[in-house]
Amino acid sequence: MTRKLSLAIAAGMLLIGSAASAETLKIGLADDPDVLDPDQSRTFVGRIVYTALCDKLVDIDPDLNFVPQLATEWSWSEDGKALTMKLRQGVTFHDGEKFDAAAVKYNIERSKNLPESRRKSEVKSIQSVDVVDPMTVRINLGAPDATLMATLSDRAGMMVSPKAAEAAGANLGANLVCSGPYKFVERVQQDKIVVERFKEHWNAAKFHFDQVIYRTIPDSTVRLANLQSGDLDLLERLSPPDVPTVKADAKLKMVDVVGVGYQGITINIGNGERSKTPLGQDPRVRKALELAIDRNALNQVVFDGMHLPGNQFISPQSQFYAKSVPMPGRDVAKAKALLKEAGVEKFSFEMQFANNPDATRAAQVIQAMAAEAGFDIKLRATEFATMLKEQTAGNYQATQVGWSGRVDPDGNIHTFMTCKGGINDSKYCNPEVDKALDAARLTNSLPERKKLYETAIQQLDQDRPIIYLWHPKWIWALRANLQGYVPYPDAMIRLEGMRKGS
Amino acid sequence: MLAYFLRRLVGIVPTLVLVSIFVFVLQLMLPGDPALAIAGEERDPESLAFIREKYHLNEPIWVQYGYWIGGVLQGDLGISLRTSIPVTDLLLQKLPVTIQLALMAIAIALLIGIPMGVLSAIHRGSALDWLANVIGLSGLSIPNFWLGVMLIMLVSVQLGWLPASGYESPFDDPVQNLKTMIMPAFVLGTGIAATMMRHTRSAMLEVLKSDYVRTARAKGVRERFVIMRHAFRNALIPVVTIGTLQLGELLAGAVLTEQVFTIPGFGKQIVDAVFNRDYAVVQGVVLCSSLAFIALNLAADMAYFLLNPRIRA
């Protein structure tokens, strides 16, 4: 009798034990994601949430190599105009629909044709998709496109359920149906997005949390307080001034990685009347400005040395970094000489920057450094949306601004620096650069691409429409018991293998 | 009385129309381009053109207003430019949160402010009066943002008693709901309590000096009765006015407090909407809060009737 009773108690405790292990991971985001449809969305934090919800055709590894996800293997045709992909067997969407070649075709066509699609420019090179057999697709291109793999490793490569997308049309974001390791449960705007484990996921064994809650907490101090109190397990974008607090707290730890983005000064070279200044017209003046700035000191003073100084659109850690154009040190005498040569020893211009604490301090340090060489920089703090508008409209002389970065180098440069680039706010135009950047898109050969980018970088170093200054590091703070978190340069939070220790 | 209130009710419509036009024009005067704000990093000319077309951003302002008001008349407040969620859904999601926070804050303010005001008026010049004044002034001068962060540091991080932030619906988990709402309500409430206390005190002092209070005392009415029945009731009129105004402001959203405790109410919503140039959301929230504000004023007028027979005449 007693034995039976104790067995029953033990069984009961086991049950309770397993119920208690229904674990939740709480992640603090710095912004609220926008519409949750990979074809329509624009925000960085939205992509973090997709990492749980949606599988992509391919993923990247921490060294930016492409690895299989929904496509298990792939090959390029001889002429580089067709990419054939073998698809993973046994994958289902959250609504129970089967994933196959027809689904891939549907998704790529949706990215191309949905009127609301923000992916159109990314998949422009794709002309058609053939269903070779139920588990093989061939993607046909108009011309070779070296950026396609990177494109398929991001939102354009995320597969939504064709059935759900067909039914919801442009409103898919209200209830996104993908095939990722977690499925959508609910969203309260500006508060939280809740997802729960998708037990039928092909890789379900590697995901250990039953529920993940993404909470939007824009204020960095409050975000950190929530982590300290245990209301969060992980937060993204720890503010550099908070690093010492995290390091001093035994209950917390920190992980960081250099991202694929950059920060710098974009100069108005040919965008309307306001480009007609010595800074806009004379490369020597721009070079003088660069020589006046001490990138390492800037990083030390403003960011406690957390970021990585750099002088190209990709970081010195990238395999595409052109070693023939090293980062120049500060040289005030040379800067002054260059200004004298250009006939403008004392010179004043206006620089706008986003009115947040980090950008403000950076702008002030730049202003002080440049003053020593003879630049009188008038600072104008501008709210972000307004700043972009001024920049697009040409109503600026210089802007301290950056780019969150793309996995493929093309995404960091082509749209900014080609004559007809969509975001070429400098209105910089150099046929030599265009030629190199266009050619780099058309070849899949790594050495060839490296050479082409080097050509462009050398030319850009002569013209200097953007002075690249630093590459932000992504910093995450975690509860010390959270294990298995691997940082990636694209700053996405991959949940695979993460678990809570005791 | 009925005719008066009916007249007031009819008056609400033109007020709302005026408010909506005013907000619409103000928004368009904001620098920055909503299409750019929506496009984010993908701001190539094609995307921008599509967004402008879809949300009628190319049209003259009165046409844009026409689209909006036409929708409103059919009960459609439009969709959020940023998230594509219908604005009506957003309001229904946020309104209960905002109302709960406002009511809890005002309740805390009343519970602290009125007794403190009455006591310090009765014991004018005493140590109690002095203490109440100090507490009141501190309540007024400590910024909500700072008090909020300090409370989180103390109560959540150090002591671990309450969650640092977040929100849980009272229908899902009432206990957790109270746990998350009590700190923000307290932060908001203390600020208002100070104002309440100051007004109650001065109103009480005023009333206590009046003839009828002296008469009542001369008749030998017990002091307790004089205070509660004769003085306090009349002193309530300005308190009702202030309370209503404060409640109205709370319903428009408590921006900083909501930000600190990440409570998904109107305040956070409208700030984000303005930064993202999400016009439809701004319009919807403002319309909703103005409606609440007007309704509250009406309720306050009704309360005057009940409290003071002289107004009824």
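Protein sequence lines correspond, in order, to chains A and B.
So that you can map any letter, position 363 of the first sequence is 362 in numbering that gives the first Met the number 0, and since no number is skipped, the others follow by simple counting.
So that you can map any letter, position 210 of the second sequence is 209 in numbering that gives the first Met the number 0, and since no number is skipped, the others follow by simple counting.
Virtual Cβ for every residue (Gly too), placed ideally from N, Cα, C.
Partner residues on chain B for residue i, Cβ-Cβ distance less than 7 Å
i, result
"A:I107", "The premise fails here: A:I107 is roughly 18 Å from chain B at the closest Cβ pair, so nothing lies under 7 Å."
"A:I216", "S164 and T261"
Residue i: first and last residue of the uninterrupted alpha helix (DSSP H) it sits in
i, result
"A:A166", "P161 to A167"
"A:V242", "V242 to A247"
"A:F65", "Element bounds for A:F65: not the alpha helix (DSSP H) but the beta strand (DSSP E), F65 to P67."
"B:C287", "Y278 to L306"
"A:I313", "It is not in any alpha helix (DSSP H) - A:I313 carries neither H nor E in the DSSP assignment."
Cα-Cα separation, residue i to residue j
i, j, result
"A:A490", "A:I47", "8 Å"
"A:G179", "A:L494", "11 Å"
"B:S155", "A:D209", "25 Å"
"A:V452", "A:D407", "Per the sequence presented here, residue 452 of chain A reads as Tyr, with Val not at that position. A:Y452 and A:D407: Cα-Cα distance of roughly 12 Å."
"A:M497", "A:L481", "7 Å"
"A:R285", "A:K377", "16 Å"
"A:T83", "B:W160", "57 Å"
"B:W313", "B:I84", "With chain B represented from 0 up to 312, any question about residue 313 of chain B goes unanswered, as that position is not in the structure."
"B:G264", "A:A332", "56 Å"
"A:A18", "A:R440", "Because A:A18 sits at a pLDDT of 41, beneath the cut-off of 50, its placement in the model cannot be relied upon, and the point is left open."
"A:A291", "A:A372", "6 Å"
"A:S40", "B:P173", "34 Å"
"B:I50", "B:R81", "11 Å"
"A:H207", "A:E22", "8 Å"
"A:G156", "A:D293", "40 Å"
"A:E508", "B:G31", "In the structure displayed, chain A extends from 0 to 501; residue 508 of chain A sits before or after that span and is not available."
"A:L14", "A:F197", "Residue confidence is low: A:L14 scores 45 on pLDDT, short of 50, so the model does not pin down where it sits. No coordinate-derived value is stated."
"A:G342", "A:T381", "31 Å"
"B:V22", "B:L286", "9 Å"
"A:D524", "A:I138", "Limits of chain A in this structure are 0 at one end and 501 at the other, which puts residue 524 of chain A out of reach."
"A:G16", "A:S501", "Low local confidence applies: a pLDDT of 42 at A:G16 is under 50, so the model's placement there is unreliable, with the coordinate-based value given in what follows. Their Cα atoms are separated by approximately 14 Å."
"A:M0", "A:K499", "Confidence at A:M0 is low in this model, with a pLDDT of 42, below 50, so the placement of that residue should be treated as unreliable; the coordinate-derived value is given next. If I take the Cα positions, the gap works out to 38 Å."
Residues that DSSP places opposite residue i in a beta bridge
i, result
"A:H470", "A:L307"
"A:R196", "A:Y181"
"A:Y261", "A:W402"
"A:N139", "A:A81 and A:S127"
"B:I78", "B:P85"
"A:Y487", "Note: A:Y487 sits in no beta bridge, so no partner."
"B:W145", "Looking at the DSSP assignment, B:W145 forms no beta bridge with any residue, so it has no partner."
"A:W75", "A:L82"
"A:A353", "A:T381"
"A:L525", "There is simply no residue 525 of chain A to check, as chain A begins at 0 and stops at 501 in what is shown."
"A:K516", "The requested residue 516 of chain A does not occur in the structure, where chain A is confined to residues 0 to 501."
Closer than 8 Å at the beta carbon, the chain B residues around residue i
i, result
"A:E382", "P30, G31 and F274"
Cross-chain neighbours of residue i in chain A, by beta carbon under 7 Å
i, result
"B:G159", "S228"
"B:A38", "R41"
"B:S46", "R117"
"B:Q268", "Q189"
"B:L35", "A384, L387, K388 and T391"
"B:L89", "Q188"
Interface flag, residue i vs chain E, CB-CB below 7 Å
i, result
"B:T256", "Reference to chain E is not applicable here, since the protein chains of this structure are A and B."
Where the beta strand (DSSP E) containing residue i begins and where it ends
i, result
"B:F23", "No beta strand (DSSP E) holds B:F23; the alpha helix (DSSP H) holding it covers L1 to M28."
"A:L378", "F374 to T381"
"A:Q210", "Q210 to T215"
"A:A479", "That residue, A:A479, is in no beta strand (DSSP E); it is neither H nor E in DSSP."
"A:K25", "T23 to L28"
"A:V57", "V57 to I59"
Neighbour list for residue i in chain A, Cβ cutoff strictly below 8 Å
i, result
"B:R81", "D33 and V34"
"B:D43", "S120, T414, G421 and I422"
"B:Q92", "V187 and Q188"
"B:F49", "P114 and E115"
"B:D271", "D31 and Q189"
Amino acids of chain B, ordered along the chain, whose beta-carbon sits closer than 9 Å to that of residue i
i, result
"A:G172", "T82, S83 and I84"
Quiz prompt | Within 8 Å of chain B by C-beta, residues of the segment 208–232 of chain A in sequence order | solution = Here the close residues are R214, T215, I216, P217, D218, T220, V221, A224, N225, Q227, S228, G229 and D230.
Quiz item: Looking at chain A, which residues of the segment 58–79 of chain B have a Cβ within less than 7 Å of any of its Cβ atoms?
Solution: The segment 58–79 of chain B vs chain A, Cβ under 7 Å: nothing.
Quiz item: At a Cβ cut of 7 Å, what residues of the segment 131–162 of chain B count as close to chain A, listed as they run along the chain?
Solution: Listed by position, the residues of the segment 131–162 of chain B near chain A (Cβ gap below 7 Å) are V148, I151, M152, S155, V156, G159 and P162.
Exercise. Quick one: which residues of the segment 1–33 of chain B get their C-beta closer than 7 Å to a C-beta of chain A? List them in chain order.
Key: Sequence-ordered contacts of the segment 1–33 of chain B with chain A read P30, G31 and D32 [C-beta pairs closer than 7 Å].
Quiz item: For the segment 165–184 of chain B, which residues have a beta carbon sitting closer than 7 Å to at least one beta carbon of chain A?
Solution: Against chain A - using a Cβ distance shorter than 7 Å - the residues of the segment 165–184 of chain B are G165 and Y166.
Quiz item: Can you list, in chain order, the residues of the segment 182–199 of chain A whose Cβ is nearer than 7 Å to any Cβ on chain B?
Solution: Those residues of the segment 182–199 of chain A that come within reach of chain B (Cβ to Cβ, closer than 7 Å) are V187, Q188, Q189 and D190.
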